[in-house]
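The sequence shown lines up with residues 3 to 305 when you count with the UniProt record's numbering.
Yeah, the Cβ is synthetic: ideal placement off N, Cα and C, and Gly gets one too.
Single-structure report; data block below.
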Amino acid sequence: KRRLVVAAAQLGPIGRSESRAQVVRRLLALLREAHGRGAEFVVFPELALTTFFPRWHLTDPDEVNGFFEAAIPGPETQVLFDEAQRLAVGFYLGYAERAEEGGAIHRYNSAILVDRSGTVLGKYRKVHLPGHAAPQPGRDAQHLEKFYFEPGNLGFPVWRTMGTVIGMCICNDRRWPETYRVMALQGAEMIVLGYNTPDDHTGVFEFDSLTGFHHQLACQAGAYQNSTWVVATAKAGLEEGSRLIGQSLIVAPSGQIVAMSTSTDDEVIVHGCDLDMAAIYRRTIFDFARHREPEAYRLIVER
Ligand code: ING
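Encoded structure:
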């Protein structure tokens with residue numbers, strides 16, 4: 003049986019003034035615990051190095067730049083890469099990317115995939131940016147990812163690694179069925195993601211009280227409808243006044259939740275994923291080649 007032991011390494015709150023070094027120490031502790039419990043691949047959260055700063059409208063360029071990585075690994079994150087390589091553990095890490103491209107500065111909400119030998123296989127840039135580009139009146143907590151980041155321009159690539167095919171996405175991406183389908187069509191058997199999900203996003207209590215349900219629903223549907231494993235890791239807890247849900251998940255291609263965090267702090271959950279489980283669904287219910295009718299789906303890719 004093809005098996006990959008995976009961990010979701012959930013983070014509790016990261017304070018606005020918490021240093022990279024302090025956060026990296028927490029990531030190292032999670033990495034070591036995951037390794038101690040047999041993990042070969044660890045999924046960290048979205049924007050795992052800083053507080054979720056898009057909750058504020060920050061205008062001081064130095065403070066904003068301080069939340070971005072100009073290089074990954076960089077001087078303060080190298081130690082995490084070195085330790086993961088020493089332990090032969092691959093990982094997914096979400097971070098705020100500052101890129102100089104075409105003579106201009108671009109900012110993305112990004113994640114990288116590192117294999118067990120410490121090689122950075124690839125990068126993903128968040129496609130679906132929720133919220134607004136400018137502060138909304140009447141809200142104490144804002145959601146300004148469209149202010150800080152550009153939509154990702156790398157598509158949804160997948161990588162053949164660790165005996166399987168892994169794809170990445172980030173947070174809000176998990177709510178959009180296209181995200182999973184584009185990667186499943188490329189053969190992804192495992193889709194991994196991090197998230198920061200406040201429980202007051204819409205400001206409408208009836209909906210916001212379902213935030214945890216919608217998180218689980220989106221991950222389970224994505225997994226089942228695309229017969230792929232889904233690993234979703236939270237940055238959780240009461241972070242600078244914002245209540246971020248936990249419920250980090252490992253979901254099987256059947257849609258079953260095989261592991262879930264029970265705290266909103268730093269917490270590791272681990273599962274030995276049977277990679278052949280995805281194959282069964284791909285040969286039967288979700289045999290894309292035999293059952294899909296793309297001619298009928300054209301509207302999906304039109305504006
Ligand atoms: N956060 C949230 C997410 O998509 C959100 C935004 C929260 C949307 C609650 C809907 C409901 O999980 C990020 N960072 O995308």
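(message) Using only the alpha-carbon positions, how far apart do Val232 and Arg177 sit?
(response) Locating residue 232 in the sequence shown gives position 230, where the first residue counts as 1. Locating residue 177 in the sequence shown gives position 175, where the first residue counts as 1. Roughly 13 Å between the two C-alpha positions.
(request) Starting from the Cα of Arg39, find the closest Cα among Pro132, Leu49, Arg300, Ala11 and give me that residue. (result) To locate residue 39, count along the sequence shown from 1; it is residue 37. Among Pro132, Leu49, Arg300, Ala11, the Cα nearest to that of Arg39 is on Ala11.
(message) For the ligand ING, I want to know if Pro75 counts as a neighbour, meaning its beta carbon is within less than 7 Å of at least one of the ligand's heavy atoms.
(response) Translated into positions along the sequence shown, residue 75 becomes position 73. No, the beta carbon of Pro75 sits no closer than 7 Å to any heavy atom of the ligand ING.
(message) Excluding the 5 residues flanking Ser229 on each side, which residues of the same chain have their C-beta closer than 6 Å to its C-beta?
(response) Taking the first residue of the sequence shown as position 1, residue 229 is located at position 227. Same-chain partners within the cutoff: Pro255, Ala280, Tyr283, Arg284, Phe288.
(request) Report the rounded CA-to-CA distance for Leu251 versus Glu102, giving the unit in angstroms. (result) Start at 1 with the first residue of the sequence shown, and residue 251 comes out as number 249. Start at 1 with the first residue of the sequence shown, and residue 102 comes out as number 100. Going from the Cα of Leu251 to the Cα of Glu102 covers about 34 Å.
(message) Quick check on His59: buried or exposed, where buried means 16 or more other Cβ atoms within 10 Å of its Cβ?
(response) The residue labelled residue 59 in the question sits at position 57 within the sequence shown. By the neighbour-count rule (16 or more Cβ atoms within 10 Å), His59 is not buried but exposed.
(request) Report yes if the C-beta of Tyr150 is less than 7 Å from at least one heavy atom of the ligand ING; otherwise report no. (result) Walking along the sequence shown from the start, residue 150 turns up at place 148. Checking every heavy atom of the ligand ING against the Cβ of Tyr150, none is found closer than 7 Å.
(message) Are there any heavy atoms of the ligand FMN lying less than 7 Å away from the beta-carbon of Arg245, as far as the coordinates show?
(response) As for the ligand FMN, it is missing from this structure, which binds only the ligand ING.
(request) Flag this pair as yes or no: are the beta carbons of Thr199 and Cys171 separated by less than 8 Å? (result) Within the sequence shown, numbered from 1, the residue matching residue 199 stands at position 197. Within the sequence shown, numbered from 1, the residue matching residue 171 stands at position 169. Cβ distance not < 8 Å, so Thr199 and Cys171 don't count as in contact.
(request) In the DSSP assignment, find the beta strand (DSSP E) that holds Glu269 and state where it starts and stops. (result) The residue given as residue 269 occupies position 267 in the sequence shown. Residues 269 to 276.
(request) Return the CA-CA distance between Glu241 and Ala31, expressed in angstroms with no decimal places. (result) Position 239 of the sequence shown, counted from the start, is the residue given in the question as residue 241. Position 29 of the sequence shown, counted from the start, is the residue given in the question as residue 31. If I take the Cα positions, the gap works out to 20 Å.
(message) Runs of 4 residues minimum, wholly inside the stretch 160 to 233: which ones carry the alpha helix (DSSP H) assignment?
(response) 179 to 186, 207 to 210, 213 to 227
(request) Can you give me the start and stop residues for the alpha helix (DSSP H) that Phe83 sits inside? (result) For this step, residue 83 is matched to residue 81 along the sequence shown. That run of the alpha helix (DSSP H) goes 80 to 89.
(request) Compute the minimum distance between the beta carbon of Tyr197 and the heavy atoms of the ligand ING, and state whether it is under 7 Å. (result) For the purposes of this step, residue 197 is taken as the residue at position 195 of the sequence shown. For the ligand ING, at least one heavy atom lies less than 7 Å from the Cβ of Tyr197.
(request) State the start and end residues of the unbroken beta strand (DSSP E) segment that holds Gln12. (result) Position 10 of the sequence shown, counted from the start, is the residue given in the question as residue 12. Per DSSP, Gln12 belongs to the beta strand (DSSP E) from 5 to 12.
(request) For Gly248, count neighbouring C-beta atoms within 10 Å of its own C-beta (all shown protein chains included) and say buried if the count is 16 or more, exposed if not. (result) In the sequence shown, residue 248 corresponds to position 246, counting from 1. Buried, since its Cβ has 16 or more Cβ neighbours within 10 Å.
(request) Check whether the Cβ atoms of Tyr94 and Val160 lie closer than 8 Å to each other. (result) What you label residue 94 is simply residue 92 of the sequence shown in a count that begins at 1. What you label residue 160 is simply residue 158 of the sequence shown in a count that begins at 1. No. Outside cutoff.
(request) Decide if the stretch 200 to 207 is in contact with the stretch 142 to 151; the criterion is three or more beta carbon pairs, one per stretch, under 8 Å apart. (result) yes
(request) Report the residue ranges of all beta strand (DSSP E) runs contained in full by the stretch 29 to 83; include only those spanning at least 3 residues, in chain order. (result) 43 to 45
(message) Which same chain residues end up closer than 6 Å to Val122 when comparing Cβ atoms and leaving out the 5 residues on each side of it in sequence?
(response) Taking the first residue of the sequence shown as 1, we reach residue 122 at position 120. Taken in chain order, the residues that qualify are Ile114, Val116.
(request) Using a threshold of 8 Å, state whether the C-beta atoms of Leu277 and Arg4 are closer than that. (result) For the purposes of this step, residue 277 is taken as residue 275 along the sequence shown, with counting starting at 1. For the purposes of this step, residue 4 is taken as residue 2 along the sequence shown, with counting starting at 1. Contact: yes.
(request) Flag this pair as yes or no: are the beta carbons of Gly196 and Pro47 separated by less than 8 Å? (result) If you number the sequence shown from 1, residue 196 lands on position 194. If you number the sequence shown from 1, residue 47 lands on position 45. Yes; because the gap between Cβ atoms is below 8 Å, this pair is in contact.
(request) Use the C-beta contact count for Arg305: other C-beta atoms within 10 angstroms, 16 or more gives buried, fewer gives exposed. (result) Numbered from its first residue, the sequence shown carries residue 305 at position 303. It counts as exposed.
(request) Note down the Cα distance separating Thr52 from Tyr97, rounded to an integer number of angstroms. (result) Locating residue 52 in the sequence shown gives position 50, counting from the first residue. Locating residue 97 in the sequence shown gives position 95, counting from the first residue. If I take the Cα positions, the gap works out to 8 Å.
(request) Can you tell me which of the three DSSP states Phe93 falls into? (result) For the purposes of this step, residue 93 is identified with residue 91 of the sequence shown, where counting begins at 1. Strand at Phe93.
(request) Grab me the residues of Ala136's own chain with a C-beta within less than 7 Å of its C-beta, minus the 5 sequence neighbours each way, in chain order. (result) Translated into positions along the sequence shown, residue 136 becomes position 134. The residues are Phe149.
(request) Pick helix, strand or coil for Arg285, following the three-state DSSP scheme. (result) Counting from 1 along the sequence shown, the entry for residue 285 is found at position 283. Here Arg285 sits in helix by DSSP.
(request) Rounded to whole angstroms, what's the CA-CA distance from Gly257 to Ser263? Just pull it up for me. (result) If you number the sequence shown from 1, residue 257 lands on position 255. If you number the sequence shown from 1, residue 263 lands on position 261. Straight-line Cα distance between these residues: approximately 17 Å.
(message) Mapping the DSSP letters down to three states, classify Val129 as helix, strand or coil.
(response) Along the sequence shown, one-based indexing puts residue 129 at 127. If DSSP states are grouped into helix, strand and coil, Val129 belongs with coil.
(message) Give me the residue from Phe290, Pro139, Val253 with the minimum Cα distance to Gln222.
(response) Mapped onto the sequence shown, residue 222 falls at position 220. Comparing Cα positions, the closest option is Val253.
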